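S.K.: Protein chains in written order, with our numbering: chain F, 1 to 624; chain V, 1 to 168; chain P, 1 to 100. Cβ atoms here follow ideal geometry from the backbone N, Cα and C, with glycine treated the same way. For clarity, every value in this text was computed on a predicted model and none was experimentally measured. This is the structure I have questions about; it appears just below.
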């Protein structure tokens, strides 16, 4: 399997998009689904094959760079369509294509009855193509292309059911908020280019180390701008309000874009440019602070939601906060490890939630579900596995290993501190609490809505695959206290250095026990409040409302940003520069009205017109 | 003889003026027949007996009779007369009169010959020789035209199926 | 001796009277009558000119003109009749659906 087949990986889904977009009117629903799923399937197989070869027989210099051609060539600057295959991009592209394939297969079930299924798969394929370009790019400009592409597809897919204006609003909100981040990213990119003279990521990192090692100001500014971009795309503070509303899109979209892939693009960006962040320790600290605050904020918000998808959205926000926390303390590979396991169990959670939603005829309020063990066993068990992984149920789930690694590094790494660990620890408790609250309320208890549609194999196969991975994917990286498997870390080490950890094993074991305790305590409290004695659970009250509305950020943005902008736009509508154009338009309209009166359909009038015309013609002849 | 021409012409003018101002359609048709007979006399006075005969036989005798038939079929009655009175208010005459006056003035400006002529009779025989000679094509074409008119009138005027009438 | 200008003037006046009638009357039958007047006036002018130049073409033109007038009257009156049948009106101003 040649490494030179690498460009096919993003190009195959792109071809799928083109086929589906151009043939949308003529394709049947089944063929559209087949094209959409198979393009990603072949890409996934390619990634697995190339990856296997990479692991067995790594290329020289640890990375395979392939340039398809020049993109821009201006005044001595050249940017290329350059793809890079190194351990980091391999892991990410595996996640994108593999999880993406299962979600595409699931979409064949979920969207089977929708008329616009060809458009759906076209957008999904375009998204996968853009995400792969983002992940495999060696040039920062190409990465930005993929970055913008995923933003576009996110907008298109959130607002997929465009006939409901609320969906369009949610899509615009997501797009505009991530745009703020994207603009900062672009400014950062241009700053890096203007100061360092290149856009190839490896060159940038080398030159930055050479020039900015002792003078961190420019590095800090650039890192801050890149961080802003990452914050927007990954829905962290302060640009996090779009993610819960983005659940307006179909559930496979939420699974793919807003759980497994797009929102992890920010994490990938920071990991890719980690050299820059290491040169700017203040900004790196900020990354950790943002991560810690977001994971707590989102966790508390998730505890009081009633919509199943909103709970999962806040959960995603919170888990990416963990990844940011890991990045901030220098535990780069731990963040990627959590990204890896999170993709599996979060996609699993969304897909099983989707099965439930479709079965109960698009009911999303968890208080109106119930008793699904007997009625929808596939969804029940897969959601349980996913919930256990999310709550980091000790020892048997993948989530435990990745989250525990982050918590340990948050305390023990050089840039770590007890406060970071404390935030993560409380967050773990709250995570277990909210996810099992969801589980107990929605999946157990009395049935409240009848079942209308049961899942088919296209839905069950992904649930099985992701369920198994949510359990076993963690075994590639186990802490020293439990056996010391470091396969994942070793794979990424050439690209992502390991943090210095100076702490004895006993301390590590103690912290592990504490995190296990947090997870189990959360599950226990959830069982107590929501299964054993439901009357004790708080459902209303000031704090609950405040948390449910996302800690007031939506309201603040509405008042501070949206409202003044809209008012200014209204005021500027008829300002000095509009007037001439308004007058032109008015002139055209009155001319039209005037001329329209000469066409009144009356024979007498037209005869009079002929007479008047002949009078004029005679006059001209006589006077000339 | 020229006097007859001028008198007939004036009669025609007067009758035509009355045609366009009547409220009763039938009266208007009668005045129009009168005008056309006057024009026929004018033709006689000009030495064009064929034209005069045609005027009487075809114009006054056939076309006007057609008008009479149609007006009878329309059965306008007193309501029709009242409606015509309502439509013939002085305000309606303003614009057309101005337009017509302008055209008249232009014509007067265009007239500048002071030719006078005597007439020689151009008889039927001469006209006949011309029609069957150089102007044969014109005769054939006008017969085509009449055929076309016949077909058109039949087609436009037929009542296709009874539900057409029931649809009123 | 007939003054050519005077004869042409008579024809013109007849024509303009017909034109005025066309522009003023709303009743479609009157409209058709006015058209007949105008055609007749044109034929009058032709015959006068033919007499002036002592040419037979004047009367031949007049003959063709009558043919046209007859056809036009027939078709026009048929239209008026079918209009009256379908829409209960012979008001020329109310049949204005082909408007801009």
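1) Is the separation between the beta-carbon of residue 389 of chain F and that of residue 348 of chain F shorter than 9 Å?
2) Run through the DSSP bridge pairs and tell me what residue 80 of chain F is partnered with.
3) Quick check on the DSSP output: the alpha helix (DSSP H) that includes residue 40 of chain P runs from which residue to which?
4) To the nearest angstrom, how far is it from the Cα of residue 440 of chain F to the Cα of residue 52 of chain F?
5) Along the chain, where does the alpha helix (DSSP H) containing residue 145 of chain F start, and where does it finish?
6) Taking all protein chains shown into account, do 16 or more other C-beta atoms lie within 10 angstroms of the C-beta of residue 156 of chain F, making it buried, or fewer, making it exposed?
7) In whole angstroms, give me the CA-to-CA distance for residue 458 of chain F and residue 103 of chain F.
8) Mind checking who residue 337 of chain F pairs with in its DSSP beta bridge?
9) Thinking residue 255 of chain F and residue 351 of chain F are a contact (beta carbons under 8 Å), I'd like their distance in whole angstroms, please.
10) How do the region 41-48 of chain P and the region 7-14 of chain P stand: do at least 3 beta-carbon pairs fall below 8 Å, yes or no?
11) Does residue 7 of chain V get closer than 9 Å to chain P when you measure Cβ to Cβ?
12) Does residue 624 of chain F have its Cβ less than 9 Å from a Cβ in chain V?
13) Just to make sure I have the definition right: I need the residues of chain P whose C-beta is within less than 7 Å of the C-beta of residue 608 of chain F. Which are they?
14) At which residues does the alpha helix (DSSP H) containing residue 105 of chain F begin and terminate?
15) Looking at the secondary structure, which residues open and close the alpha helix (DSSP H) in which residue 317 of chain F lies?
16) Within 9 Å of any Cβ in chain P, is that where the Cβ of residue 56 of chain V sits?
17) Can we say the region 141-154 of chain V touches the region 83-103 of chain V, given the rule of at least three CB pairs closer than 8 Å?
18) Just to confirm, is the Cβ distance from residue 404 of chain F to residue 333 of chain F under 9 Å?
19) For residue 615 of chain F, return the contacting residues in chain V, with the cut-off set at a CB-CB distance below 8 Å.
20) With contact counted as at least three CB pairs below 8 Å, one residue from each stretch, are the region 237-248 of chain F and the region 106-114 of chain F in contact?
21) Where does residue 602 of chain F sit, in a helix, a strand or coil, going by DSSP?
22) Expressed to the nearest angstrom, what Euclidean distance is found between the alpha-carbon atoms of residue 136 of chain F and residue 202 of chain F?
23) For residue 237 of chain F, which residues from the same chain have a beta carbon less than 8 Å from its beta carbon, with the 5 sequence-adjacent residues on both sides left out?
24) Using the three-state DSSP reduction, which class does residue 413 of chain F fall into: helix, strand or coil?
25) With respect to 8 Å, is the separation between the Cβ of residue 287 of chain F and the closest non-hydrogen atom of the ligand MN below this value?
26) Of all the options F:191, F:588 and F:210, which has the alpha carbon lying nearest to the alpha carbon of residue 226 of chain F?
27) What would DSSP say about residue 485 of chain F, mapped onto helix, strand or coil?
28) Are the beta-carbon atoms of residue 131 of chain V and residue 138 of chain V separated by less than 9 Å?
29) Which residues does DSSP list as the beta-bridge partners of residue 2 of chain P?
30) Please list, in chain order, all residues of the same chain as residue 212 of chain F whose beta carbon is under 8 Å from its beta carbon, the five residues on each side excluded.
31) Within the 9 Å Cβ cut-off, does residue 90 of chain V reach chain A?
32) Quick check on DSSP: helix, strand or coil for residue 452 of chain F?
33) How close, in whole Å, do the beta carbons of residue 40 of chain F and residue 128 of chain F come, if the pair is a contact with beta carbons under 8 Å?
34) With H, G and I counted as helix, E and B as strand and the rest as coil, what does DSSP make of residue 137 of chain F?
35) Taking the alpha carbon of residue 83 of chain F as the point to measure from, which residue in F:63, F:319, F:94 and F:99 has its own alpha carbon closest?
36) Buried or exposed for residue 252 of chain F, please, with buried defined as at least 16 other CB atoms from any protein chain shown within 10 angstroms of its CB.
M.R.: Let me lay it out:
1) As a working note, residue 389 of chain F is residue 389 in the first chain. As a working note, residue 348 of chain F is residue 348 in the first chain. For residue 389 of chain F and residue 348 of chain F, yes; Cβs fall inside 9 Å.
2) For the purposes of this step, residue 80 of chain F is taken as residue 80 along the first chain, with counting starting at 1. The partner list for residue 80 of chain F (beta bridge, DSSP) reads F:70.
3) The residue you call residue 40 of chain P lines up with position 40 of the third chain. First-last of the alpha helix (DSSP H) with residue 40 of chain P: 28-53.
4) Against the first chain, residue 440 of chain F aligns to sequence position 440. Against the first chain, residue 52 of chain F aligns to sequence position 52. The straight-line gap from Cα to Cα measures roughly 41 Å.
5) On the first chain, position 145 is the one that residue 145 of chain F refers to. First-last of the alpha helix (DSSP H) with residue 145 of chain F: 140-158.
6) Taking the first residue of the first chain as 1, we reach residue 156 of chain F at position 156. That one is buried.
7) What you label residue 458 of chain F is simply residue 458 of the first chain in a count that begins at 1. What you label residue 103 of chain F is simply residue 103 of the first chain in a count that begins at 1. If you take the alpha carbons of residue 458 of chain F and residue 103 of chain F, they lie about 10 Å apart.
8) As a first step, residue 337 of chain F must be located in the first chain, where it is residue number 337. Its beta-bridge partners do not exist; DSSP assigns none.
9) Here residue 255 of chain F corresponds to residue number 255 of the first chain, with the count starting at 1. Here residue 351 of chain F corresponds to residue number 351 of the first chain, with the count starting at 1. Sure, about 6 Å apart at Cβ, within 8 Å.
10) yes
11) As a working mapping, residue 7 of chain V is identified with position 7 in the second chain. Chain P contact via Cβ: absent.
12) By one-based count along the first chain, residue 624 of chain F stands at place 624. By this cut-off, residue 624 of chain F is not an interface position.
13) For this step, residue 608 of chain F is matched to residue 608 along the first chain. Ordered by position in chain P, the residues that pass the 7 Å Cβ test against residue 608 of chain F are 23.
14) Taking the first residue of the first chain as 1, we reach residue 105 of chain F at position 105. Unbroken alpha helix (DSSP H) run through residue 105 of chain F: 87-110.
15) For the purposes of this step, residue 317 of chain F is identified with residue 317 of the first chain, where counting begins at 1. Its alpha helix (DSSP H) spans residues 308-328.
16) As a working note, residue 56 of chain V is residue 56 in the second chain. Chain P, which has no Cβ nearer than 9 Å to the Cβ of residue 56 of chain V, makes this no.
17) no
18) Here residue 404 of chain F is taken as the residue at index 404 of the first chain, counted from 1. Here residue 333 of chain F is taken as the residue at index 333 of the first chain, counted from 1. No, they are not a contact pair.
19) Walking along the first chain from the start, residue 615 of chain F turns up at place 615. The contacting residues are 99, 102, 103 and 106.
20) no
21) Indexing the first chain from 1 puts residue 602 of chain F at position 602. Residue 602 of chain F falls in the coil class under three-state DSSP.
22) As a first step, residue 136 of chain F must be located in the first chain, where it is residue number 136. As a first step, residue 202 of chain F must be located in the first chain, where it is residue number 202. Their Cα atoms are separated by approximately 13 Å.
23) For this step, residue 237 of chain F is matched to residue 237 along the first chain. Excluding sequence neighbours, residue 237 of chain F sits near 231, 290, 293, 294 and 297.
24) The residue given as residue 413 of chain F occupies position 413 in the first chain. Residue state, collapsed to three classes: strand.
25) Here there are no bound small molecules, and the ligand MN is not part of this structure.
26) Taking the first chain and counting its residues from 1, the one referred to as residue 226 of chain F is at position 226. Nearest of F:191, F:588 and F:210 to residue 226 of chain F, Cα basis: F:191.
27) Residue 485 of chain F sits at position 485 when you count from the first residue of the first chain. Looking at residue 485 of chain F - three-state DSSP - the assignment turns out to be coil, as it is neither helix nor strand.
28) By one-based count along the second chain, residue 131 of chain V stands at place 131. By one-based count along the second chain, residue 138 of chain V stands at place 138. A contact, by the Cβ cut-off of 9 Å.
29) Counted from its first residue, the third chain places residue 2 of chain P at position 2. Residue 2 of chain P pairs with V:117.
30) One-based indexing of the first chain puts residue 212 of chain F at position 212. Counting only Cβ-Cβ distances below 8 Å, and skipping sequence neighbours, we find 218, 219 and 279.
31) The structure shown has no chain A; the protein chains it does contain are F, V and P.
32) Start at 1 with the first residue of the first chain, and residue 452 of chain F comes out as number 452. If DSSP states are grouped into helix, strand and coil, residue 452 of chain F belongs with coil.
33) The residue labelled residue 40 of chain F in the question sits at position 40 within the first chain. The residue labelled residue 128 of chain F in the question sits at position 128 within the first chain. Rounded, the Cβ-Cβ distance is 6 Å, consistent with contact.
34) Here residue 137 of chain F is taken as the residue at index 137 of the first chain, counted from 1. It is a strand residue.
35) By one-based count along the first chain, residue 83 of chain F stands at place 83. Answer by Cα proximity: F:63.
36) As a position in the first chain, residue 252 of chain F is number 252, starting the count at 1. Buried, by the Cβ-count rule.
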